[in-house]
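In what follows, a structure is listed as C-alpha cells, so that the remarks can point back to it.
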Amino acid sequence: MVGEVRVTYSVDGADSVRARYAAVDGTDSGVSPWVADERGVVPLLGLRASTSYLLWTEARYGNVVAIGDTVSYETGPLPSALLQAHLERQQGGPLSGGYTLTSTMDDAGDFYAVAYDSVGVVRWYRHLGQVGGVADVQQQRNGHITAGLGPSNGSNMVDTYFLEFTRAGDSVRTIVAAGSPYTDDHELIVQTDAAGNRVADYLFGYDVRSADRSAFGGGTEDPLAGHQVLRISAAGSVDTLVQGWDHWTERDAVIGPPLFGDFDHPNSLSFDADSGLVISYRDLGSVVKLTPDGRSVEWIFGGTGNQFTITGDPMNGFGGQHTVRVLPNGHLLMFDNGWNHVPQRSRAVEYALDPATHTARMVWQYVPEPAVFVAYTGSAQRLANGNTVVTFTQAQFLDEVSPDGVLLSRMKIQNGSGTYAPYRTQRIRSLYRYIVP
C-alpha cells in the first residue's frame, strides 16, 4: 500500500500528539489527527509516491503546542501495475478536494482499490488480487473501506463477497449475504451506532429459480434470479426485509433486454431521515422506500408501480438508474442512465418528493454536452460544498459541477488495462476517518 508512513514518538505530559508532512519541493503537505497518548505511533496517510518529504511531530500541552525534530523521508514508488492509473484532467480546474475512492485493474487482471487526490494522482491503494471483478468500493462510517469482490453480475451463480479492511489495508472480515444462496456486490452499508460499534450490515442477496420465460422469447424452464434485501445484525441474525419474488414479477421489469438473468436488479441502498431504507431497482426502473421498521413498502417512485406524478422534468422521469442517495434535505439524487429517454442520454437528477400529494418535482439536473449514454453503472454524489460529482463510468470520465450546473472539472479515468471502467466513485474527505464529504 502506498502513502502511509508510521511515525513513532515518545513525549512526557502531552495531552495529545500529531504528525505533519511537507514535500521538500513545496507541492504537498498534510497533518494527521491528534492522538491522545504520550507514546505510540502516528500514521501519516496519503503521501505521494517517489517524493522527498520532511516529517515532524507536534505535542499539545493545554494551549501550548511544542514542535518536535524534523526528519527527512523518501516515499517508495508505485508498483508497476499502477503506474498508468490516474485521473487525467480534460476540462476545468482540479477537483474541489478530498480523495476519489474507486477501483482499477491492471493488464494482468489484478484489481486495486485506489484513492486519487484532487489532481488525479494515486495517494492510497490496496491490492485486491485477481478476484474476477470489483463492484462497490466505499468508505463506511466506521472509517473502514469495503469492496465487493467476485464475478457476480447480480444474477449468475458464482461466489462473491465483501471484504472490509482498515485504512492501513489490514483485512477485518468478509461479509456475505447470509440467508441467501448468492451475494450481490452492488452495495453494502455497515450501520454503526453513535460510538462507532457495528449494528448491522445491509446488502442484497439472491437466489436462482426455474421460470417460464417463453413470453419473453426464452424457454419454459430458464434460470431466473430474484433478490432479497437483507439486514444482518452484528450478532449474525438475518432479517429479510424484502423478498423480491413476493413483490415483483418479470413483467414489472421495464429496463434492458428481456432475457437478462434477473427481473429486479437492485443496485443501491440509502437511509432516509426517518431511517426508512431507500432502494434502487434498476430493471424495475423504480426507487422503493421501506417503512422505518423495514417491514413494508412505504412508496414506489418510477416503474410499473409508480405512485408519483413527475413535474418540472423535461425528460419526464428516469430509467436504469444507479447510486440513488437521500440528501440531507430529503431530496433524491441519482445517476439516471437514461434508458427511457429519446434519444438515450445519461444525467444526474434531483427530485423533491411529496408522498402526501404523490408528486415528485425535479429541482436540479446535470446533462453533459455533448450528450453521453452510459448503459450500465455510474454515480452521482452531492458534496458538502454544494457541488455534485457525476461519474459516467463506462465513458471513463467524471465531472464535478457547481450547484447551478456549471462544469468545474472533468477527469478522464485512466488505468493500465485501458478499457476498465469502475462501478462508481465516492469522494471522501479523509483517509483517517469518515467525514461527511
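Those letters in the sequence shown? Residues 0 to 436, by numbering that gives the first Met the number 0.
Ideal placement from N, C-alpha and C gives every residue a C-beta, glycine not left out.
Closest by C-alpha distance to residue i, when choosing among the options
{"i": "Thr182", "options": "Asp200, Ala214 and Phe110", "result": "Asp200"}
{"i": "Tyr8", "options": "Ser49, Leu54, Ala22 and Asp27", "result": "Leu54"}
{"i": "Thr390", "options": "Val405, Val373 and Gly404", "result": "Val373"}
{"i": "Leu407", "options": "Gln413, Asn386 and Tyr419", "result": "Asn386"}
{"i": "Pro402", "options": "Gln413, Gln364 and Tyr419", "result": "Gln364"}
{"i": "Glu73", "options": "Tyr52, Asn155, Ser79 and Leu81", "result": "Tyr52"}
{"i": "Thr310", "options": "Ile144, Ala359 and Gly96", "result": "Ala359"}
{"i": "Pro313", "options": "Thr69, Val348 and Asp273", "result": "Val348"}
{"i": "Ser416", "options": "Glu399, Thr103 and Phe300", "result": "Thr103"}
{"i": "Arg38", "options": "Pro291, Arg5, His143 and Glu163", "result": "Arg5"}
{"i": "Ala370", "options": "Ala355, Ala394, Thr356 and His357", "result": "Ala394"}
{"i": "Val120", "options": "Gly45, Val157 and Glu186", "result": "Gly45"}
{"i": "Asn328", "options": "Gly216, Gly97 and Asp273", "result": "Asp273"}
{"i": "Asp211", "options": "Thr248, Val41 and Trp33", "result": "Thr248"}
{"i": "Gly92", "options": "Tyr419, Val405, Arg294 and Ile174", "result": "Val405"}
{"i": "Ala112", "options": "Thr145, Gly97 and Gln139", "result": "Thr145"}
{"i": "Ser213", "options": "Pro421, Leu258 and Arg409", "result": "Leu258"}
{"i": "Gly75", "options": "Asp184, Arg47, Ala65 and Leu81", "result": "Arg47"}
{"i": "Val28", "options": "Leu43, Val34, Asp36 and Ala35", "result": "The amino acid occupying residue 28 in the given sequence is Ser; Val does not appear at that position. Measuring from the Cα of Ser28, the nearest candidate turns out to be Leu43."}
{"i": "Val253", "options": "Val41, Gly302 and Ser79", "result": "Gly302"}
Residue range of the unbroken alpha helix (DSSP H) whose run includes residue i
{"i": "Gly225", "result": "Looking at the DSSP string, Gly225 is not in any alpha helix (DSSP H); the run it does join, the beta strand (DSSP E), is Asp221 to Ser232."}
{"i": "Trp123", "result": "It is not in any alpha helix (DSSP H) - Trp123 instead sits in the beta strand (DSSP E) that spans Val121 to Gly128."}
N-terminal and C-terminal residue of the beta strand (DSSP E) that residue i is part of
{"i": "Gly147", "result": "Ile144 to Leu148"}
{"i": "Glu163", "result": "Tyr160 to Phe164"}
{"i": "Asp206", "result": "Arg197 to Ala210"}
{"i": "Leu332", "result": "Leu331 to Asp335"}
{"i": "His264", "result": "Premise fails: His264 is in no beta strand (DSSP E) and is neither H nor E."}
{"i": "Glu349", "result": "Arg346 to Asp353"}
{"i": "Ile434", "result": "From DSSP, Ile434 is part of no beta strand (DSSP E); its letter is neither H nor E."}
{"i": "Gln137", "result": "Val133 to Gln138"}
{"i": "Phe110", "result": "Phe110 to Tyr115"}
{"i": "Ser28", "result": "Ser28 to Val30"}
{"i": "His185", "result": "Tyr181 to Thr191"}
{"i": "Pro42", "result": "Arg38 to Leu44"}
{"i": "Phe300", "result": "Val296 to Phe300"}
{"i": "Gln306", "result": "Careful: Gln306 lies outside any beta strand (DSSP E) and carries neither H nor E."}
{"i": "Gly293", "result": "That residue, Gly293, is in no beta strand (DSSP E); it is neither H nor E in DSSP."}
{"i": "Thr101", "result": "Tyr98 to Met104"}
{"i": "Leu406", "result": "Leu406 to Gln413"}
Helix, strand or coil at residue i [DSSP, three-state]
{"i": "Trp244", "result": "helix"}
{"i": "Gln393", "result": "helix"}
{"i": "Arg360", "result": "strand"}
{"i": "Ala80", "result": "helix"}
{"i": "Phe317", "result": "coil"}
{"i": "Trp372", "result": "The sequence given here places Phe at residue 372; Trp does not occur at that position. Of the three classes helix, strand and coil, the one that applies to Phe372 here is coil, per DSSP."}
{"i": "Arg381", "result": "strand"}
{"i": "Asp251", "result": "helix"}
{"i": "Ala272", "result": "coil"}
{"i": "Phe215", "result": "helix"}
{"i": "Thr418", "result": "coil"}
{"i": "Ser51", "result": "strand"}
{"i": "His340", "result": "coil"}
{"i": "Leu258", "result": "coil"}
{"i": "Thr173", "result": "strand"}
{"i": "Gly91", "result": "strand"}
{"i": "Ala194", "result": "coil"}
{"i": "Arg423", "result": "coil"}
{"i": "Arg281", "result": "coil"}
Beta carbon of residue i nearer than 8 Å to that of residue j
{"i": "Gly147", "j": "Val133", "result": "yes"}
{"i": "Ser504", "j": "Val277", "result": "The question about residue 504 has no answer here: the residues shown for the chain are numbered 0 through 436."}
{"i": "Arg426", "j": "Pro436", "result": "yes"}
{"i": "Tyr450", "j": "Val362", "result": "In the structure as shown, the chain begins at 0 and stops at 436. Residue 450 is therefore absent and cannot be evaluated."}
{"i": "Tyr205", "j": "Ser236", "result": "no"}
{"i": "Gly149", "j": "Thr165", "result": "no"}
{"i": "Thr239", "j": "Leu229", "result": "yes"}
{"i": "Leu100", "j": "Val130", "result": "no"}
{"i": "Ser345", "j": "Asn336", "result": "yes"}
{"i": "Leu94", "j": "Ser117", "result": "yes"}
{"i": "Thr290", "j": "Gly304", "result": "no"}
{"i": "Tyr433", "j": "Gly25", "result": "no"}
{"i": "Gln227", "j": "Val241", "result": "yes"}
{"i": "Ala22", "j": "Thr50", "result": "yes"}
{"i": "Thr356", "j": "Gly377", "result": "no"}
{"i": "Leu187", "j": "Thr173", "result": "no"}
{"i": "Leu223", "j": "Phe262", "result": "yes"}
{"i": "Ala177", "j": "Ile231", "result": "yes"}
{"i": "Gly128", "j": "Asp105", "result": "no"}
Any non-hydrogen atom of the ligand ZN closer than 7 Å to residue i Cβ
{"i": "Leu44", "result": "In the structure shown, the ligand ZN is absent, as is every other ligand, since no ligand is present at all."}
Task: Three CB pairs or more closer than 8 Å across the segment 6 to 23 and the segment 51 to 62 - done: yes
- [ ] Specify whether the segment 328 to 342 and the segment 369 to 386 touch according to this definition: at least 3 beta carbon pairs, one from each stretch, less than 8 Å apart.
- [x] yes
Task: Inter-stretch contact (C-beta, 8 Å, three-pair minimum) for the segment 83 to 90 and the segment 18 to 29 - done: Contact fails: fewer than three Cβ-Cβ distances are below 8 Å.
Open item on the list: For the segment 279 to 294 against the segment 318 to 326, do three or more pairs of beta-carbon atoms, one drawn from each stretch, fall closer than 8 Å, so that the two count as touching?
Closed with: yes
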